[in-house]
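A.B. asks: Sharing a structure with you now.
2 protein chains.
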Amino acid sequence: MVSKSQISLVKSLQQKKFRREHRLFVAEGYKSVSEFIASGYQMHTVYHTTTVAAKLYKLSKKVNFQDISAADLQKMSNLTTPQEVLAVIHLPHWPKLTQSNLLKRFTLVLDGVQDPGNLGTIIRTADWFGIQNIICSEDTVDAYNPKVVQATMGSLARVNLHYTDLSSLLQQLNLPVFGALLNGDNIYTTNFGHEGLVVMGNEGNGLRPEIQELITKAVTIPRWGQAESLNVAIATALFCSEISRSAYLK
Amino acid sequence: MVSKSQISLVKSLQQKKFRREHRLFVAEGYKSVSEFIASGYQMHTVYHTTTVAAKLYKLSKKVNFQDISAADLQKMSNLTTPQEVLAVIHLPHWPKLTQSNLLKRFTLVLDGVQDPGNLGTIIRTADWFGIQNIICSEDTVDAYNPKVVQATMGSLARVNLHYTDLSSLLQQLNLPVFGALLNGDNIYTTNFGHEGLVVMGNEGNGLRPEIQELITKAVTIPRWGQAESLNVAIATALFCSEISRSAYLK
């Protein structure tokens, strides 16, 4: 049996304001929840129906599991087709980013990405290519927004998201800053080296002028057809792949 | 002034059944509508508010423009934030696909892609990379679904979509068939040559077994991290980019 106040706490976490206040977020679905448990996220409560109880209890002995009715689960859910598991999870405390965390690897930097589906897909893609950190401007959509969590397909459990003032961070770090811009070097002939930041901009407006000024290597994806632009998650993936490609062929 | 029957016709076109029956579909927004006009699509009616009249009338003298109130436009719209233009457009008749249409170029083949946002992003990406034809299995989401039209950002006006029985088509054509599969050749060292089909599967299930059997070159995108899979639009873009890359560096 779930109390009304539990349901209303869970529902409130659909809003960023309450996620920040309670330092909690929600993940739904067995796969996603199991990946957060496996990655050492601290679980507040994992609500589930009896159908998945046996499978879930094998994942951890430390978790506060609560067996509830499908109807109660539906009341809490943010999905049109609720899953059998919904976890309330503590927001992580990421270690402070320093130059040494970012050496000898590539890190994504997002300047004002707004669409939750795009951010989710970027996190999933980063996880595929082994990118550990994503640095976001303060106005990038919140990674713990339920639509982002859903779109990451569990990858949010493995990629560290940092929200910060990009201008001052980029000025402090002494690393190559690659940016997707028009009239840059062709991505297919760019030497990415072995470390750096890859900065991607907002869906409609691209990179802010003050961030553009901090790009040390402008890179362009050549266009063969007539589309005006590429989706930001697609462009991010093409950068990840080129970097991965050069590491692979080295 | 718009009649109730006009509004109900436009609303009905949100459903595939009525799009097929009337051979019409809807596009919204100035940019998207102007690209369909420029690409020679036959317009049924272009509804618009007075604000954009002057700009619109310059695009074509043959189009049936209808100046209506913002309130009426909102009644017809499929968007939460309606645009100032909504066009009812005749479904195109694409030329029948033959082997000769597909020589010396690459064509995308989609086996059961279900998500409208994914199909829209794939069409936009294809347009960027100059791919002219996309062949879809009969159960792939309809490209004239309003969510797909929206996600293509106008690119649907330039890419030809064909819906057909993939098994029989792939058996008739005598072209290399590249497919995204596990345990295939590494995409970064694959020689794509100068023509062929690139087959991508359903979001959850990948390629159907009968389609897998028709793949002549299995290709794999190497994974460096731990995500279980890539989003289908992302994987499609990585194939387009590799093909474009080899054409560029040739």
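So the sequences go chain by chain: A and B.
Okay, so the first sequence: first residue is 1 according to the working numbering, each after it adds one.
Okay, so the second sequence: first residue is 251 according to the working numbering, each after it adds one.
We put the beta carbon where it would ideally sit given N, CA and C, even for glycine.
This structure is a prediction, so every number in the text was calculated from the model and none was measured.
1. Taking the alpha-carbon positions, what's the B:I437 to B:I471 distance?
2. With distances taken between CB atoms, is the gap from B:Q316 to B:V296 smaller than 8 Å?
3. Could you tell me whether the Cβ of B:D377 comes closer than 8 Å to any Cβ of chain A?
4. Name the DSSP beta bridge partners of B:Q349, please?
5. Drop a sphere of 10 angstroms on the beta-carbon of B:H340, count the other beta-carbons inside from all chains shown, and report buried for 16 or more, exposed for fewer.
6. Here's a check: name, in chain order, each residue in its chain whose Cβ is nearer than 8 Å to the Cβ of A:Q172, leaving out the five neighbours to either side.
7. By the criterion of Cβ-Cβ separation under 7 Å, what are the contact partners of A:R223 in chain B?
8. Tell me, which residues are paired with B:D317 by DSSP?
9. Considering only C-alpha positions, which residue in the set A:V148, A:A227 and A:K11 is nearest to A:D263?
10. Taking Cβ-Cβ distances below 7 Å as the criterion, which residues of the segment 27-39 of chain A are in contact with chain B?
11. Would you mind giving the Cβ-Cβ distance between A:I215 and A:V177, rounded to the nearest angstrom? I have them listed as a contact below 8 Å.
12. Quick check on the DSSP output: the alpha helix (DSSP H) that includes B:F275 runs from which residue to which?
13. Given A:G184, which residues of its chain have a CB within under 7 Å of its CB, disregarding the five upstream and five downstream residues?
14. Here's the rule I'm using: 16 or more other beta-carbon atoms within 10 Å means buried, otherwise exposed. How should A:D115 be labelled?
15. For B:S253 and B:Q324, I'd like the C-alpha separation in whole angstroms.
16. So, using beta-carbon positions, are A:A157 and A:F36 closer together than 8 Å?
17. Whose C-beta lies closer than 6 Å to the C-beta of A:A235 among residues of the same chain, with five residues either side of it excluded?
18. Is the segment 200-214 of chain A touching the segment 447-462 of chain B, taking contact as three or more C-beta pairs under 8 Å?
19. Hey, how far is the Cα of B:K354 from the Cα of A:R124?
20. Hey, out of B:T414, B:I381 and B:E478, whose CA is closest to B:E445's CA?
21. Going along chain A in order, which residues have a C-beta closer than 8 Å to the C-beta of B:N481?
22. Please list the partners that A:G158 has in chain B, where partner means a Cβ-to-Cβ separation under 9 Å.
23. Where A:A237 and A:A126 are concerned, what is the direct C-alpha to C-alpha distance, given to the nearest angstrom?
24. Counting only beta-carbon atoms, is B:L353 nearer than 8 Å to chain D?
25. Check this for me: beta carbons of A:I122 and A:A233, under 8 Å apart or not?
26. Run through DSSP, which three-state label would B:V363 get?
27. What separation, rounded to the nearest whole angstrom, lies between the Cα atoms of B:S284 and B:K308?
28. Which residues in chain A sit within 8 Å of B:T499, going by Cβ to Cβ distance?
29. Is there a Cβ of chain B sitting closer than 8 Å to that of A:A180, yes or no?
30. In the DSSP assignment, what are the bridge partners of A:S137?
31. Can you pull the DSSP bridge partners for A:K217?
32. Whole angstroms is fine: what's the gap from A:T50's alpha carbon to A:A87's?
33. Quick one: Cα of B:F356 to Cα of B:L447, how far?
34. For B:G446, would you say it is in contact with chain A, using Cβ-to-Cβ distances shorter than 8 Å as the test?
35. I need the DSSP call for A:L108, collapsed to helix, strand or coil.
36. What residues from chain B crowd round A:M153, counting only those whose CB sits closer than 8 Å?
C.D. replies: Looking at the atomic coordinates:
1. 6 Å
2. Yes, Cβ-Cβ distance for B:Q316 and B:V296 is below 8 Å.
3. Interface residue, yes.
4. Answer is none; B:Q349 lacks a bridge partner.
5. exposed
6. Q99
7. Result: W378.
8. B:H298
9. The question about residue 263 of chain A has no answer, for chain A in this structure spans 1 to 250.
10. none
11. 5 Å
12. That residue, B:F275, is in no alpha helix (DSSP H); its beta strand (DSSP E) goes L274 to E278.
13. A218, V219 and T220
14. Looking at its Cβ environment, which holds 16 or more other Cβ atoms inside 10 Å, A:D115 is buried.
15. 14 Å
16. yes
17. A180
18. no
19. The alpha-carbon of B:K354 is positioned some 34 Å away from that of A:R124.
20. B:I381
21. In chain order: T121, R124, T125 and A233.
22. Inspection of the sequence shows that residue 158 of chain A is occupied by Arg rather than by Gly. The answer, in chain order, is G475, Q476 and A477.
23. 8 Å
24. This model lacks chain D altogether, as its protein chains are A and B.
25. Taking 8 Å as the cut-off, the beta carbon of A:I122 is found closer than this to the beta carbon of A:A233.
26. coil
27. 10 Å
28. It should be noted that the sequence gives Leu, not Thr, for residue 499 of chain B. Here the neighbours are Y188 and T189.
29. Not an interface residue.
30. A:T164
31. A:F178
32. The C-alpha of A:A87 is placed about 15 Å away from the C-alpha of A:T50.
33. One Cα belongs to B:F356, the other to B:L447, and the distance between them is close to 6 Å.
34. no
35. strand
36. A477, E478 and S479
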